[in-house]
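Using this note's numbering, the first residue of the sequence shown is number 788, and each one after it goes up by one. Glycine included, C-beta positions come from ideal geometry on N, C-alpha and C. Worksheet: the structure to be examined is printed underneath.
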Amino acid sequence: ETLTDQEFVKVPFNPDELRLRGEYCIRHGKEKKCKDLLNNLKYTYASCAKNKSITTSPKPEHIDCHSFQSHLCKAFPKFPPCIKKTSN
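Here you go:
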């Protein structure tokens, strides 16, 4: 089953979805939807980094930033914030 481009570029919070899209975009990185997805991931990653102090959010789509970031880095090992993160 294929996603529409609109669905594809939405940030998935399911680790398997994230990994599947990561693998797809590693092979098809030139596609616009992969660039858009990457921008959305950067935005989500950055807002996670900014909101470290906030543990609860009124938004229903609030995510566990820590697990999102680690899943993201597994799915997109070349993602710039993941490269910068020192592995401990």
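Cβ-Cβ separation, residue j to residue i (assumed contact under 8 angstroms), whole Å
i           : j           : result
residue 805 : residue 862 : 4 angstroms
residue 795 : residue 820 : 5 angstroms
Span separating the alpha-carbon of residue i from that of residue j
i           : j           : result
residue 800 : residue 837 : 18 angstroms
residue 860 : residue 793 : 23 angstroms
residue 835 : residue 827 : 12 angstroms
residue 823 : residue 866 : 14 angstroms
residue 832 : residue 790 : 22 angstroms
residue 869 : residue 856 : 8 angstroms
Environment of residue i [buried if 16+ CB atoms lie within 10 Å]
i           : result
residue 814 : exposed
residue 809 : buried
residue 858 : buried
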